[in-house]
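Data first, discussion second: the structure below is written as structure tokens.
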Amino acid sequence: MSNQKLFNVAVVGATGAVGEQIIGLLEKRNFPINQLKLLSSARSAGTKVTFKGQEIVVEEAKPESFEGVEIALFSAGGDVSKALAPAAVERGAICIDNTNAFRMDPDTPLVVPEVNIDAINEHKGIIANPNCSTIQMVAALKPLQDRYGISRIIVSTYQAVSGAGARAIDEMVRQSSEVLAGREVEPQILPVGALPVKHQIAFNVIPQIDKFQDNGYTLEEMKMVRETKKIMDDESIEVTATCVRVPVVYGHSESVYVELKNEYELEDVRKLMENAPGITLVDDPANQQYPLATEAAGKPDVFVGRLRRDLGHTRGLNMWIVSDNLMKGAAWNAVQIAEFIAIEQ
Ligand code: NAP
Ligand code: 12T
């Protein structure tokens with residue numbers, strides 16, 4: 005591709021868990037980059053990151069940082085996106101935002117390429133990357149929606165600590181060794197860094213991800229409800245979610261119960277999953293084969309297994325969906341969107 009246009013790219017949150025994966029994927033995919041800017045808060049400014057054998061010094065993100073930037077990938081929290089994405093758009097950048105800041109904004113497309121890539125054409129400067137738990141679920145459900153229609157989704161998640169950032173990973177590792185050594189554990193970050201009450205994650209399961217809303221659901225659960233309807237472009241799908249943090253480092257697992265609008269054959273569903281883009285079927289109970297977080301870690305695929313019919317409802321289907329939350333759930337989905345933008349220009 006000798007005529008390929010090269011882009012000035014910025015990664016905001018370059019020193020974070022998601023930012024690190026984005027930089028790795030831009031390198032691995034050989035993304036057409038002219039200049040790469042790595043941005044963080046003042047805390048990490050000056051840090052050096054190696055990209056394609058060259059050292060890049062991380063700079064503090066400011067509105068002026070986006071002068072000349074054409075594609076900006078944001079993963080530094082919603083407040084940073086709200087403050088700086090409009091400044092980047094003003095300077096001509098297309099922003100791919102990994103935070104919750106703009107996802108439900110009617111002017112902002114919310115995109116999973118395997119599901120609704122055409123929506124990116126509607127953008128007004130910002131394209132939102134959905135929540136990690138939503139991305140892997142809708143990627144696996146899209147072929148079922150197209151073939152049978154979906155009336156209802158009931159999902160319970162088993163989410164990795166890496167979703168809560170680099171410090172949450174450190175916290176789980178530290179707590180694990182403290183428990184094994186018989187020392188007292190002092191939780192500092194999970195379930196939600198910004199809230200006063202903390203809970204132990206090592207050797208535990210916490211049914212809270214993000215803040216509680218007035219309706220008794222957590223924000224993470226409501227993100228799954230609202231984002232699923234927006235991405236699948238069907239407000240009539242009934243969605244209910246329970247989001248749970250488990251002591252796993254990489255990879256979100258989900259038990260998904262879906263009610264289809266039309267009758268299905270399990271064999272046909274298996275074939276749909278085998279042929280769906282980005283989906284890998286791992287479903288061989290006789291040989292104890294099913295998706296596992298440890299197998300999904302570091303890979304871009306969404307893994308699907310444990311397919312079985314509801315015993316009481318012929319149009320009900322149970323499935324187990326696993327994917328690396330930092331890859332398809334964040335960095336890979338964002339870089340896929342960036343690749344579509346690069347191809348179109
Ligand atoms: P993390 O490991 O805690 O990293 C946070 C990053 O943001 C660091 O690079 C940090 O820089 C930077 N940052 C913090 N405050 C900043 C500021 N005021 N100005 C500029 N940069 C700032 O967190 P993470 O797991 O990578 O997640 C980052 C964000 O991505 C989350 O808050 C969330 O909104 C989003 N996210 C999305 C998904 C998804 O599902 N799509 C998944 C995970 C996370 P320093 O090193 O200077 O602190
Ligand atoms: N609180 O992208 O804590 O909205 O695992 C993703 C992950 C927010 C998001 C987490 C979160 C998001 C988490």
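Offset between the sequence shown (1-based) and the working numbering: plus 4.
Just so it is clear, CB atoms sit at the ideal spot from N, CA and C, and this is done for glycine as well.
Output yes or no for whether 9 Å exceeds the beta carbon distance between residue i and residue j.
| i | j | result |
| --- | --- | --- |
| Met277 | Val119 | no |
| Ile205 | Glu175 | yes |
| Val201 | Lys215 | no |
| Gln212 | Arg249 | yes |
| Gly20 | Gly169 | yes |
| Glu64 | Ala49 | yes |
| Val339 | Phe35 | yes |
| Ile283 | Val115 | no |
Taking only the alpha-carbon atoms, compute the straight-line gap between residue i and residue j and give it to the nearest angstrom.
| i | j | result |
| --- | --- | --- |
| Leu270 | Leu264 | 12 Å |
| Leu148 | Val273 | 7 Å |
| Ala297 | Asn291 | 18 Å |
| Ser180 | Ala91 | 42 Å |
| Pro304 | Trp336 | 7 Å |
| Tyr294 | Val61 | 42 Å |
| Val159 | Glu258 | 7 Å |
| Glu343 | Val15 | 15 Å |
| Thr222 | Leu194 | 14 Å |
| Lys233 | Ser240 | 8 Å |
| Phe11 | Gly72 | 10 Å |
| Ala105 | Leu145 | 25 Å |
| Thr51 | Glu59 | 10 Å |
| Ala199 | Ala80 | A small fix is needed here, since residue 199 is Leu in this sequence, not Ala. If I take the Cα positions, the gap works out to 18 Å. |
So the candidates are the options; which of them puts its Cα closest to the Cα of residue i?
| i | options | result |
| --- | --- | --- |
| Val142 | Lys303, Glu348, Ala280 | Ala280 |
| Asp288 | Met323, Asn266, Thr318, Val13 | Met323 |
| Met108 | Ala91, Pro90, Ile121, Ile130 | Ile130 |
| Thr246 | Ile157, Ser327, Ser240 | Ile157 |
| Thr244 | Gly169, Glu231, Glu225, Val253 | Glu225 |
| Lys66 | Thr51, Ser85, Ala334, Ile60 | Ser85 |
| Glu242 | Met228, Asn12, Gln140 | Met228 |
| Ile100 | Val73, Ser69, Asn133 | Asn133 |
| Ile325 | Lys215, Gln140, Asn135 | Gln140 |
| Phe207 | Val189, Asp218, Gly220, Ala198 | Val189 |
| Thr164 | Val253, Leu330, Asn135 | The identity of residue 164 in the sequence shown is Ala, whereas the question assumes Thr. Closest by alpha carbon: Val253. |
| Val306 | Ile27, Gly333, Thr51, Lys32 | Gly333 |
| Ser327 | Gln340, Lys275, Leu145, Cys136 | Cys136 |
| Leu42 | Glu24, Ala18, Thr54 | Ala18 |
Any chance the CB of residue i is under 8 Å from a heavy atom of the ligand 12T?
| i | result |
| --- | --- |
| Gly167 | yes |
| Asn337 | no |
| Ala89 | no |
| Arg171 | no |
| Asp328 | no |
| Ala143 | no |
| Ala334 | yes |
| Lys86 | no |
For residue i, is the beta carbon positioned less than 8 Å from some heavy atom of the ligand NAP?
| i | result |
| --- | --- |
| Pro134 | yes |
| Ile341 | no |
So what does residue i bridge to, in DSSP terms?
| i | result |
| --- | --- |
| Lys41 | Ala14 |
| Lys9 | The partner list for Lys9 (beta bridge, DSSP) is empty, contrary to what the question assumes. |
| Asp214 | In the DSSP output, where bridge partners are listed per residue, Asp214 has none listed. |
| Ile100 | Leu77, Ile131 |
| Ala245 | Val159 |
Is the closest heavy atom of the ligand COA to the C-beta of residue i under 8 Å?
| i | result |
| --- | --- |
| Ala335 | Because the ligand COA does not appear in the structure shown, any question about it cannot be addressed here, the ligands present being the ligand NAP and the ligand 12T. |
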